[in-house]
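Q:
Now the structure itself:
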């Protein structure tokens, strides 16, 4: 009977199996990469991780940029809103307070006499005083009579629309009115109209005194009127430069030059409106030393010059 033959390889395998059975069990070990493909896969995974980190960083930067841009836009909008609000407030206050010569209390509307315009004062003005006015007393009286007819009244009715009184101590109260001579209605005097009255009074007084004749005005009143004109000059503080434009010492330094002025005619026209206007007539006979004015009731029809504010 034939026995199976055993090769040297079989014998070696049996010995290895016997040794393995005698060897204690060991922990599993991670697979060790031994090929180039394993290294490439690991590098690929690292590149993807770096890319994800870069994308996350970029997204964070973009978010920060968006937030910064939003903050900038909101800030600019707020600055614009506040600037517009400040401008509107300034314009509103300017309209309320107006410029020098306007009524800051609003009794006379702020648009009356505004805006300023380039104005020339020459012989075309009805208030112009000719240079030969004082050569003759009769000429003086004629000029004064004309001026008084142009400037009939400095008063306007209050109509329960009270102005502000800025007191010397800095406090503000309602400006009290005084009463007209006949109707006993409450009135105010417009400052520039009173200044015109003073100019006419000084013209009358000087025209008489230069001919050694006394006028109806007491020295105290003349001094008051001079101070009134001085106050107007100092209050305006007109900084407009002037010169002789027709040759040195030819004419006057005010000749042929326009100046920025408020609109006198607009203010006079506003005051002439019958709703607030007051008119007087002189009851003194011709040649009387003193005027004797009384209020005209009802309010008379306006002349063409009064309708446009020239008188």
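Residue numbers (UniProt numbering): 1 to 311.
Idealized CB from N, CA, C, for every residue including glycine.
(1) By the DSSP assignment, the beta strand (DSSP E) with residue 158 in it spans what residues?
(2) Using beta-carbon positions only, say whether residue 310 and residue 126 come within less than 8 Å of one another.
(3) In whole angstroms, what separates the C-alpha of residue 299 from that of residue 187?
(4) Tell me which residues share the same chain as residue 263 and place their Cβ nearer than 6 Å to its Cβ, disregarding the 5 neighbours each side in the sequence.
(5) Just the C-alpha distance for residue 181 and residue 280, rounded to the nearest angstrom, thanks.
(6) Pull the bridge partners of residue 277 from the DSSP assignment, please.
(7) Give the DSSP-derived three-state secondary structure of residue 54 in the structure shown.
(8) Could you tell me whether the region 188–195 touches the region 150–169, using the rule of 3 or more Cβ pairs below 8 Å?
(9) Nearest by alpha-carbon distance to residue 130: which of 201, 119, 137, 143 is it?
(10) Would you grab the beta carbon distance between residue 282 and residue 272 for me? Rounded to a whole angstrom, and I think it's under 8 Å.
(11) With the cut-off set at 8 Å, would you say residue 148 and residue 202 are in Cβ contact?
(12) Could you tell me the boundaries of the alpha helix (DSSP H) in which residue 194 lies?
(13) Give the straight-line distance between the Cα atoms of residue 295 and residue 183, rounded to the nearest whole angstrom.
(14) One question on the structure: do residue 150 and residue 162 come within less than 8 Å of each other, judged by their Cβ atoms?
(15) Since residue 238 and residue 245 should fall inside the 8 Å C-beta cutoff, what is the C-beta to C-beta distance between them, to a whole number of angstroms?
(16) Looking at C-alpha atoms only, which residue of 250, 249, 195, 209 is the closest neighbour of residue 227?
(17) DSSP beta-bridge partners for residue 262?
(18) Does DSSP put residue 307 in a helix, in a strand, or in coil?
(19) Spatial neighbours of residue 29 within its chain, please: C-beta separation below 6 Å, excluding the five flanking residues on both sides.
(20) Starting from residue 231, trace the alpha helix (DSSP H) both ways and give me its first and last residue.
(21) Do residue 267 and residue 208 have their C-beta atoms within less than 8 Å of each other?
(22) Given a threshold of 16 other Cβ atoms within 10 Å of its Cβ, counted over all protein chains shown, does residue 306 qualify as buried or as exposed?
(23) Using only CA atoms, which one of 54, 105, 270, 205 lies nearest to residue 326?
(24) Assuming contact is defined by CB atoms lying nearer than 8 Å, are residue 261 and residue 225 in contact in what I supplied?
A: On the basis of the data shown:
(1) Translated into the one-based positions of the chain shown, residue 158 becomes position 158. Where residue 158 is concerned, there is no enclosing beta strand (DSSP E), given that its DSSP letter is neither H nor E.
(2) On the chain shown, residue 310 is found 310 positions in, with the first residue counted as 1. On the chain shown, residue 126 is found 126 positions in, with the first residue counted as 1. Against a cut-off of 8 Å, the Cβ pair of residue 126 and residue 310 comes out as a contact.
(3) Locating residue 299 in the chain shown gives position 299, counting from the first residue. Locating residue 187 in the chain shown gives position 187, counting from the first residue. Residue 299 and residue 187 have their C-alpha atoms spaced approximately 15 Å apart.
(4) Residue mapping note: residue 263 aligns to position 263 of the chain shown, counting from 1. Correct list, in chain order: 113.
(5) For the purposes of this step, residue 181 is taken as residue 181 along the chain shown, with counting starting at 1. For the purposes of this step, residue 280 is taken as residue 280 along the chain shown, with counting starting at 1. Cα to Cα, residue 181 sits roughly 10 Å from residue 280.
(6) Counting from one through the chain shown, the residue named residue 277 turns up at place 277. Partner(s): 156.
(7) By 1-based counting over the chain shown, the position of residue 54 is 54. DSSP, read as helix, strand or coil, puts residue 54 in helix.
(8) Output reads yes: the region 150–169 touches the region 188–195.
(9) Sequence index remark: in the chain shown, residue 130 carries index 130 (1-based). The shortest Cα separation from residue 130 among 201, 119, 137, 143 belongs to 143.
(10) In the chain shown, residue 282 corresponds to position 282, counting from 1. In the chain shown, residue 272 corresponds to position 272, counting from 1. Going by Cβ atoms, the distance from residue 282 to residue 272 rounds to 19 Å, so no, they are not a contact pair.
(11) Residue 148 sits at position 148 when you count from the first residue of the chain shown. Residue 202 sits at position 202 when you count from the first residue of the chain shown. With contacts defined by Cβ atoms closer than 8 Å, residue 148 and residue 202 do not form a contacting pair.
(12) Within the chain shown, the letter at position 194 stands for residue 194. 191–209 is the span of the alpha helix (DSSP H), which, as asked, contains residue 194.
(13) One-based indexing of the chain shown puts residue 295 at position 295. One-based indexing of the chain shown puts residue 183 at position 183. Rounded to whole angstroms, the gap between the alpha carbons of residue 295 and residue 183 is 8 Å.
(14) Within the chain shown, residue 150 is the residue found at index 150, counting from 1. Within the chain shown, residue 162 is the residue found at index 162, counting from 1. With respect to the 8 Å criterion, residue 150 and residue 162 are not classified as neighbours on the basis of their beta carbons.
(15) The residue given as residue 238 occupies position 238 in the chain shown. The residue given as residue 245 occupies position 245 in the chain shown. In fact, because the Cβ distance is near 18 Å, the residues do not count as touching under 8 Å.
(16) One-based indexing of the chain shown puts residue 227 at position 227. That would be 195, whose Cα lies nearest to the Cα of residue 227.
(17) As a first step, residue 262 is located in the chain shown; it is residue number 262 there, counting from the start. Partner(s): none; residue 262 has no beta bridge.
(18) Your numbering for residue 307 matches position 307 in the chain shown. In the structure shown, residue 307 adopts helical secondary structure according to DSSP, grouped into three states.
(19) Position 29 of the chain shown holds residue 29. For residue 29, the predicted model reports a pLDDT of 47, less than 50, meaning its position is unreliable; a value from the coordinates is still stated below. Counting only residues of its own chain and dropping the five nearest sequence neighbours on each side, residue 29 has no CB closer than 6 Å to any other CB.
(20) As a first step, residue 231 must be located in the chain shown, where it is residue number 231. Residues 219–236.
(21) Mapped onto the chain shown, residue 267 falls at position 267. Mapped onto the chain shown, residue 208 falls at position 208. Against a cut-off of 8 Å, the Cβ pair of residue 208 and residue 267 comes out as no contact.
(22) Locating residue 306 in the chain shown gives position 306, counting from the first residue. Taking every protein chain shown into account, the CB of residue 306 has 16 or more other CB atoms within 10 angstroms, so this residue is buried.
(23) The displayed coordinates of the chain run from 1 to 311. Any statement about residue 326 would go beyond what the structure contains.
(24) Sequence index remark: in the chain shown, residue 261 carries index 261 (1-based). Sequence index remark: in the chain shown, residue 225 carries index 225 (1-based). Judged by their CB atoms, residue 261 and residue 225 are not nearer to each other than the 8 Å cut-off.
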